[in-house]
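Just so you know, full-length UniProt numbering puts 13 at position 13 of the sequence shown, and the rest follows in order with no gaps.
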Amino acid sequence: MIDTKDIIDRLFYDSIGQIFLSSLFGISLALLFNRVCKENCVLYYAPRPDEVDGKIFRIEDGCFKYKVKPAKCNENPLNQYNGNLRPDNKITEKTFFDKIFA
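So, in structure tokens, the structure goes:
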């Protein structure tokens, strides 16, 4: 029976174990910073209301003064965006693994 200390020694002090652990940590780090949205991303950026209220902005040939005005919510709000669903208009192509293992 293999002892736990032997397994730890193999992982940390053996060259193959170090390669295995480095690969595992590298893949984990890559997955941690993996971008979820690939192509059909919709990003909304808006300033905080106190950053634009009463200030004058020059856009092309005109100047605009913004005033924050509360509005009522829409009775038929849009559905919340779900990034896990495939858009209807996206061209689907098999991935590398689908081509190999299908």
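We put the CB at the ideal spot given by N, CA and C, even for glycine.
Source: prediction; values computed, not measured.
- [ ] Quick one: grab the DSSP three-state call for R10.
- [x] R10 falls in the helix class under three-state DSSP.
Open item on the list: According to DSSP, simplified to helix, strand and coil, what is K65?
Closed with: In the structure shown, K65 sits in a strand (DSSP, three-state: E or B).
Open item on the list: If I measure Cβ to Cβ from F64 and keep anything under 6 Å in the same chain, skipping five residues before and after, which residues do I get?
Closed with: F57, listed in sequence order.
TODO: Pick out whichever of V52, Y45 and I2 has its Cα sitting closest to the Cα of Y66.
DONE: Ranking V52, Y45 and I2 by Cα distance to Y66 puts V52 first.
Task: Start and end residues, beta strand (DSSP E) containing F96 - done: Note, F96: premise wrong, no beta strand (DSSP E); alpha helix (DSSP H) at F96 to F101.
- [ ] Give a yes or no on whether the C-beta atoms belonging to V68 and P47 are separated by under 8 Å.
- [x] It is not a contact, given that the beta carbons lie outside the stated cut-off.
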